[in-house]
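Undergrad:
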């Protein structure tokens, strides 16, 4: 009598679902829109890879066309797109690139938006207003993104708008390292960290701890019916004879920052140094920032800063090493949180 042979599934015995193991390995691919090619190229160099060749066209009618010139099948793709003065066109380009990646069978797509568009419209301040930050997140999700990565979101709650992983990076290590290297002994001795408004107090407080410096707060009031109009009211904290470091997430028209600097100087501040992540620099920001009340301005290049918007008192730091490290951590299934001492 023939003996029945028993087939043993070793995968099941080890508690692993049976299946086929392929020779395919993970492939990290970086693609970029046209908004900030310098930053994308710098990120690629930090990672030791080039930017995947992509065909971009804008037709006479204004419609945007994108096609990837190499295969994206099975790749772990990181799409870098920043936003500047042409935010709506750049947003549409990113969505079209996402759709193209999805149809090209990319395995996973992470949208890397160093500056998140419409981030200031994160809640309803008055009746019949949109929550545009949520709308942008919905568009990104619908277009096919699996993950979002951004730097210094204007409001942390934006992370909850996306039904998936959001890597919220902080530019503080980049800026902090610069100030620790460049502040003179006298400036360090008399340093006071200043929050330009009540909304940035928590961030300014972490700066105060990191630099072992006292904290001051500027109380301001904004007219909700008039865009970019700010009135500075009073300063909470000691600034007389001090070197004041104003920290903020962005500089748009520079109205808030310059009025804050003027208020600090009027209250006896010796120097005013501005540190910010996103240098949007909408007109007339460049002209305002050259005001005598502002001694130095230090920003990162999360937003493209053309030569005509650069000036003598401005220092631009590269965000590429920060973004490249975060991309590598995500690709290697590592820890982005470890980059910020557990704060991310």
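Residue numbers (my numbering): 1 to 344.
Don't be surprised by glycine CBs; every beta carbon is placed ideally from N, CA and C.
Since residue 241 and residue 270 should fall inside the 8 Å C-beta cutoff, what is the C-beta to C-beta distance between them, to a whole number of angstroms?
TA: Locating residue 241 in the chain shown gives position 241, where the first residue counts as 1. Locating residue 270 in the chain shown gives position 270, where the first residue counts as 1. Confirmed, Cβ separation roughly 6 Å.
Undergrad: Using three-state DSSP, classify residue 113 as helix, strand or coil.
TA: Locating residue 113 in the chain shown gives position 113, counting from the first residue. Note: residue 113 maps to strand in three-state DSSP.
Undergrad: Using 8 Å as the Cβ pair cut-off and three pairs as the minimum, do the segment 111-120 and the segment 148-164 touch?
TA: yes
Undergrad: Is the Cβ-Cβ distance between residue 96 and residue 131 less than 7 Å?
TA: Along the chain shown, read from residue 1 onward, the residue named residue 96 stands at position 96. Along the chain shown, read from residue 1 onward, the residue named residue 131 stands at position 131. Result no, Cβ atoms of residue 96 and residue 131 do not sit closer than 7 Å.
Undergrad: Go ahead and label residue 33 buried or exposed: buried means 16 or more other beta carbons lie within 10 angstroms of its beta carbon, across all protein chains shown.
TA: Walking along the chain shown from the start, residue 33 turns up at place 33. Taking all protein chains in view, the Cβ of residue 33 is crowded by 16 or more other Cβ atoms within 10 Å, so the residue is classified as buried.
Undergrad: Along the chain, where does the beta strand (DSSP E) that runs through residue 273 open and close?
TA: On the chain shown, position 273 is the one that residue 273 refers to. Note, residue 273: beta strand (DSSP E), 271-279.
Undergrad: Would you check if the segment 291-311 and the segment 24-40 touch, i.e. whether three or more CB-CB distances between them fall below 8 Å?
TA: Contact holds: three or more Cβ-Cβ distances are below 8 Å.
Undergrad: Could you give the residue range of the beta strand (DSSP E) that holds residue 253?
TA: Within the chain shown, residue 253 is the residue found at index 253, counting from 1. From DSSP, residue 253 is part of no beta strand (DSSP E); its letter is neither H nor E.
Undergrad: Considering Cα atoms alone, identify which of 291, 326, 71 is closest to residue 80.
TA: Within the chain shown, the letter at position 80 stands for residue 80. It is 326 whose Cα lies nearest to the Cα of residue 80.
Undergrad: Tell me the residue span of the alpha helix (DSSP H) that contains residue 141.
TA: Reading the chain shown from its first residue, position 141 is the one you call residue 141. Unbroken alpha helix (DSSP H) run through residue 141: 132-143.
Undergrad: Where does the unbroken alpha helix (DSSP H) through residue 320 begin, and where does it stop?
TA: Within the chain shown, the letter at position 320 stands for residue 320. Here the alpha helix (DSSP H) through residue 320 covers 320-331.
Undergrad: Cα-Cα, which of 315, 331, 136, 283 is closest to residue 85?
TA: Residue numbering aside, residue 85 sits at position 85 when the chain shown is read from its first letter. With distances taken between Cα atoms, residue 85 lies closest to 283.
Undergrad: Nearest-angstrom Cα distance between residue 189 and residue 253?
TA: Position 189 of the chain shown, counted from the first residue, corresponds to residue 189. Position 253 of the chain shown, counted from the first residue, corresponds to residue 253. Each residue's alpha carbon lies about 31 Å from the other.
Undergrad: Suppose you measure from the CA of residue 293 to the CA of residue 246; what does that come to, to the nearest Å?
TA: If you number the chain shown from 1, residue 293 lands on position 293. If you number the chain shown from 1, residue 246 lands on position 246. Cα to Cα, the separation comes out at about 12 Å.
Undergrad: Anyone know if the C-beta pair for residue 40 and residue 77 falls short of 7 Å?
TA: Counting from one through the chain shown, the residue named residue 40 turns up at place 40. Counting from one through the chain shown, the residue named residue 77 turns up at place 77. In this structure, residue 77 does not lie closer than 7 Å to residue 40 by Cβ.
Undergrad: Just curious, the beta strand (DSSP E) that residue 68 is in, first and last residue?
TA: As a working mapping, residue 68 is identified with position 68 in the chain shown. Here the beta strand (DSSP E) through residue 68 covers 64-68.
Undergrad: Can you tell me which of 47, 208, 172, 68 puts its alpha carbon nearest to the alpha carbon of residue 317?
TA: Residue 317 sits at position 317 when you count from the first residue of the chain shown. Selected option, being the one with the closest Cα: 172.
Undergrad: Distance check for residue 331 and residue 261, CA to CA, integer angstroms please.
TA: On the chain shown, position 261 is the one that residue 261 refers to. On the chain shown, position 331 is the one that residue 331 refers to. Those two C-alpha atoms are separated by around 42 Å.
Undergrad: Does the Cβ of residue 73 have 16 or more other Cβ atoms within 10 Å, making it buried, or fewer, making it exposed?
TA: Translated into positions along the chain shown, residue 73 becomes position 73. Answer is exposed; the Cβ neighbour count stays below 16.
Undergrad: From the DSSP secondary-structure annotation, give me the bridge partner or partners of residue 108.
TA: To locate residue 108, count along the chain shown from 1; it is residue 108. DSSP, once it has assigned bridges, lists 76 as partnering residue 108.
Undergrad: Would you call residue 135 buried or exposed, if buried means 16 or more other Cβ atoms sit within 10 Å of its Cβ?
TA: For the purposes of this step, residue 135 is taken as the residue at position 135 of the chain shown. So residue 135 counts as exposed.
Undergrad: I'd like the span of the beta strand (DSSP E) that includes residue 168, first residue to last.
TA: Taking the chain shown and counting its residues from 1, the one referred to as residue 168 is at position 168. Looking at the DSSP string, the run of the beta strand (DSSP E) that includes residue 168 is 166-169.
Undergrad: Would you mind giving the Cβ-Cβ distance between residue 220 and residue 256, rounded to the nearest angstrom? I have them listed as a contact below 8 Å.
TA: Residue mapping note: residue 220 aligns to position 220 of the chain shown, counting from 1. Residue mapping note: residue 256 aligns to position 256 of the chain shown, counting from 1. Indeed, because the Cβ distance is near 7 Å, the residues count as touching under 8 Å.
Undergrad: Please tell me whether residue 194 and residue 208 are closer than 7 Å, where the distance is taken between their beta carbons.
TA: Locating residue 194 in the chain shown gives position 194, counting from the first residue. Locating residue 208 in the chain shown gives position 208, counting from the first residue. No, the pair does not count as a contact, with Cβ atoms beyond the cut-off.
Undergrad: Give the straight-line distance between the Cα atoms of residue 213 and residue 191, rounded to the nearest whole angstrom.
TA: In the chain shown, residue 213 corresponds to position 213, counting from 1. In the chain shown, residue 191 corresponds to position 191, counting from 1. Taking the straight line joining both Cα atoms gives about 6 Å.
Undergrad: Please work out which residues of its chain come closer than 8 Å, Cβ to Cβ, to residue 329, disregarding the five sequence neighbours upstream and downstream, and give them in chain order.
TA: Indexing the chain shown from 1 puts residue 329 at position 329. Cβ within range, chain order: 335, 336, 338, 339.
Undergrad: When you compare each of 123, 94, 115 to residue 109 by their alpha carbons, which one comes out closest?
TA: In the chain shown, the residue the question calls residue 109 occupies position 109. For the residues 123, 94, 115, the minimum Cα distance to residue 109 belongs to 94.
Undergrad: Specify, as a first and last residue, the run of the beta strand (DSSP E) that residue 149 falls within.
TA: Translated into the one-based positions of the chain shown, residue 149 becomes position 149. It spans 147-151 - the beta strand (DSSP E) in which residue 149 sits, taken as one unbroken run.
Undergrad: Over what stretch of residues does the alpha helix (DSSP H) that includes residue 314 continue unbroken?
TA: For the purposes of this step, residue 314 is taken as the residue at position 314 of the chain shown. It is not in any alpha helix (DSSP H) - residue 314 instead sits in the beta strand (DSSP E) that spans 314-317.
Undergrad: I believe residue 54 touches residue 66 by the beta-carbon criterion, under 8 Å. Please report the beta-carbon distance rounded to the nearest angstrom.
TA: Taking the first residue of the chain shown as 1, we reach residue 54 at position 54. Taking the first residue of the chain shown as 1, we reach residue 66 at position 66. The Cβ separation is near 6 Å, so the contact holds.
Undergrad: Given residue 291, which residues of its chain have a CB within under 6 Å of its CB, disregarding the five upstream and five downstream residues?
TA: Residue mapping note: residue 291 aligns to position 291 of the chain shown, counting from 1. So the list reads 258, once near-sequence residues are dropped.
Undergrad: Who are the Cβ neighbours of residue 46 in its own chain at under 6 Å, not counting the five residues just before and after it?
TA: Stepping through the chain shown from its first residue, residue 46 is reached at position 46. Result list for residue 46: 320, 321, 324, in chain order.
Undergrad: For residue 301, does the three-state DSSP call read helix, strand or coil?
TA: As a working note, residue 301 is residue 301 in the chain shown. Strand at residue 301.
Undergrad: With DSSP run on the structure shown, which of helix, strand or coil describes residue 261?
TA: Counting from one through the chain shown, the residue named residue 261 turns up at place 261. Here residue 261 sits in helix by DSSP.
Undergrad: Is residue 220 helix, strand or coil by DSSP?
TA: Counting from 1 along the chain shown, the entry for residue 220 is found at position 220. Residue state, collapsed to three classes: strand.
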